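A short write-up of the structure that comes next.
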Amino acid sequence: MADAVFNWYKNGGAAEPGTKRSETTLQAKKHLSSMGWVFWYAQKNGRQELRYQSPQGKVYYTLKAACKDYIDETSGAEGGGGMAVAVAADLEPKKPLKRKSLTQENPAFPKSLPFKSLPPPKRGKKVRKQENQAEPRVIKRESIRIREHLVPNSSHRNPRTVLSWLIDNNVVSILGKVYYRNKAGNPLMRGRITRTGIQCDCCFRVFALTAFEAHAGSTNHRPAANIILDDGSGRSLSDCQRQVHDSMMTIPTSAKKGDSNPRGSDDVCSACCDGGELICCDRCPSAFHVNCVGLKEVPDGDWFCPSCCCGICCIGTVSDDDNFLACQQCECKFHIGCLKLKESNELARKNNWFCSHSCENIFSSLQNLTGKPIPVGNNLTWTLLKSKASSNGDGYTDCPDGLDSCAENHSKLNIALDVMHECFEPSKDSYTGRDLVEAVIFSQGSKLKRLNFKGFYIAVLEENNDLVSVATVRVHGDIVAEMSLVATRFSHRRRGMCRALVDELEKNLAKLGVQKLILPAVPAAVDTWVNGFGFSHMTGDERLKLLQYTLLDFQGSIMCQKPLKTEL
């Protein structure tokens, strides 16, 4: 087999008489692989390029340079005798070959970082086809359909307030008596529950919860905790929210379904979500079409998808002395050694790991924004929400802001989900059976990267505590943020509610230093996003540059983008 490497190099990649060039190349690659060489792909200028890594850790850009190194190493190991002498005489290059290692391409990469050779490739896993079926199973990407009309005679016509949600869950009753208590527990103001707010007994006006608190003369800014049911139970509205929260915090049925595939890898491409002949990642369950990851052919040896490669050095291998960590914000993976060279060692001493200071700053800023209503004028407020669901086994969740805050957050997310269901028809993932919208709203995770929604935040716009518009957003560091779903209630459309919410999102993303906002638009809404909101169509090459990020896309949608005027 060593002859294959020698013959390929001697003939400059040309085939021997009676053989095809591809066969000669394949034989040379197979021999290098059997000798411990590893082949992998790195991203450069938006394209995937093949790299050749020797057992000693040297990385080359071309097969010719890799063969030359192998021949030189073999010649030195055999002391210049026998076949190695003939090889050395016949392979005198016309010009000196410059070995270009990874350290030349990326100075931040550690020169002495030792990489171990990986075991032989899992040939049965590399390419997956739809086999053992009478007819090929057609797997389509997830689709989501917009409702053109409001569902008649449904609760979608009711206000989307916390009180309305509690009424629908049979925890409080319409016109149920309540009172606002002071710090001593004495009633300051009495009223009755309606779907839109509390109707005051003294003036018969209906107030939103915060307004009823102010009407009672209190400045505690905790209306739900201090509005008490006047039924002898002594329960507050916060207690009622927590009651519903606790009943729902058993893991949703949709989240339990099929998050793992018995065959090990996904059935659809993680980039385009279509089925067919797929190349499987050797580290995670993700699978891809060859052309969707910028490859021309199936590579030999182990192959790692872009999400499983280090975000700094683009290598997917892990040495005995190093390991991968995932960035808490952008979710990119990186070697600890690469991180320490690129950024300050302070990043390596914290509980949350970040691949850069920008990701750390974005994470911190988003945490500070979450859960705090921000007035935007005309009785409108917008709030950034994030699911805090991490069940600890007794019906509660670990919530650093307290159980009342966690329950209220959960209530708002459920109301946001109701708004989404009002505007979109149900859409379930063909692989897991999960409701995609619910999975995004509650930031549900998955072993499959295309179904891992842990990074999503939910932005909501409220008018007098009535939730009218919702958007889902995920920030992939300072490079790009995606706004996958946007919905405005039928009764509040053509009032500028969507624009008000999107403007606030864009303004705050720009403050965080995010460079670009993207969204998958349905064809009927593309003109609105382009002409009304300043987005433009994203080309295939532009999307290929974002291959390391797993973006949520839907069948028939058109990916649009908008540069943000960053303030950092």
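Each residue of the sequence shown is one higher than the one before, starting from 1 at the first, in UniProt numbering.
Ideal placement from N, C-alpha and C gives every residue a C-beta, glycine not left out.
Computed from a predicted model, the values in this text were never measured in an experiment.
What first and last residue would you give for the beta strand (DSSP E) that runs through residue i?
i, result
"residue 191", "187-193"
"residue 216", "Note, residue 216: premise wrong, no beta strand (DSSP E); not H, not E."
"residue 240", "Unbroken run through residue 240 is the alpha helix (DSSP H), 237-248; no beta strand (DSSP E)."
"residue 555", "It is not in any beta strand (DSSP E) - residue 555 carries neither H nor E in the DSSP assignment."
"residue 199", "198-200"
"residue 178", "177-181"
"residue 165", "No beta strand (DSSP E) holds residue 165; the alpha helix (DSSP H) holding it covers 162-168."
"residue 234", "Premise fails: residue 234 is in no beta strand (DSSP E) and is neither H nor E."
Under 8 Å between the Cβ atoms of residue i and residue j?
i, j, result
"residue 475", "residue 460", "no"
"residue 224", "residue 238", "yes"
"residue 284", "residue 454", "no"
"residue 603", "residue 165", "One cannot answer for residue 603 here, as it falls past the ends of the chain, which runs 1 to 568."
"residue 52", "residue 42", "no"
"residue 193", "residue 178", "yes"
"residue 510", "residue 565", "yes"
"residue 407", "residue 458", "no"
"residue 270", "residue 550", "yes"
"residue 330", "residue 355", "yes"
"residue 521", "residue 560", "yes"
"residue 160", "residue 404", "no"
"residue 484", "residue 519", "yes"
"residue 288", "residue 273", "no"
"residue 382", "residue 501", "yes"
"residue 425", "residue 242", "no"
Report the option in the options whose CA atom is closest to the CA atom of residue i.
i, options, result
"residue 162", "296, 6 and 414", "414"
"residue 368", "276, 500 and 386", "386"
"residue 180", "228, 202 and 198", "228"
"residue 421", "486, 409, 406 and 404", "486"
"residue 504", "425, 473 and 212", "473"
"residue 195", "187, 201, 202 and 206", "206"
"residue 186", "157, 218 and 324", "218"
"residue 337", "312, 360, 328 and 361", "312"
"residue 183", "191, 176, 4 and 213", "213"
"residue 4", "50, 380, 71 and 49", "71"
"residue 23", "37, 382, 7 and 35", "7"
"residue 175", "198, 188 and 12", "198"
"residue 189", "173, 230, 157 and 171", "230"
"residue 326", "300, 353, 497 and 305", "353"
"residue 30", "293, 388 and 302", "302"
"residue 556", "496, 526 and 388", "526"
"residue 362", "280, 277 and 478", "478"
"residue 300", "28, 12 and 11", "28"
"residue 563", "530, 501 and 211", "530"
"residue 265", "423, 468, 512 and 447", "447"
"residue 222", "210, 233 and 436", "210"
"residue 490", "554, 59 and 419", "419"
"residue 208", "170, 380, 157 and 546", "380"
According to the neighbour-count rule (16 or more other Cβ atoms, all chains shown, within 10 Å of its Cβ), is residue i buried or exposed?
i, result
"residue 493", "exposed"
"residue 499", "exposed"
"residue 56", "exposed"
"residue 291", "exposed"
"residue 200", "buried"
"residue 268", "buried"
"residue 226", "buried"
"residue 548", "buried"
"residue 571", "Look at the range of the chain in this structure, 1 to 568, and you will see that residue 571 is not part of it."
"residue 541", "exposed"
"residue 204", "exposed"
"residue 297", "exposed"
"residue 202", "exposed"
"residue 191", "buried"
"residue 388", "buried"
"residue 528", "exposed"
"residue 409", "buried"
"residue 390", "Confidence at residue 390 is low in this model, with a pLDDT of 44, below 50, so its placement is unreliable and the value that follows should be read with caution. Classification of residue 390: exposed, given that the 10 Å Cβ count is below 16."
"residue 145", "exposed"
"residue 395", "Only weak support is given to the placement of residue 395: the predicted model assigns it a pLDDT of 42, under 50, and the value that follows is read from those uncertain coordinates. Classification for residue 395: exposed."
State yes or no: is the beta carbon of residue i nearer than 8 Å to at least one beta carbon in chain D?
i, result
"residue 423", "Considering every chain present, this structure includes no chain D. It has just one protein chain."
I need the boundaries of the alpha helix (DSSP H) containing residue i, first residue and last residue.
i, result
"residue 223", "223-226"
"residue 363", "357-369"
Note to self: Extract the residue ranges of the beta strand (DSSP E) inside the UniProt domain "N-acetyltransferase" (419-552), only unbroken runs of 3 or more that lie entirely within it.
What the structure shows: If only complete runs of 3 or more residues are kept, the UniProt domain "N-acetyltransferase" (419-552) shows the beta strand (DSSP E) at 456-463, 466-476, 480-482, 486-488 and 516-521, in order along the chain.
Item checked: Length at least 3, wholly inside the region 269-310: the beta strand (DSSP E) runs in chain order -> Fully contained in the region 269-310 are the following beta strand (DSSP E) runs of length 3 or more, in chain order: 278-280.
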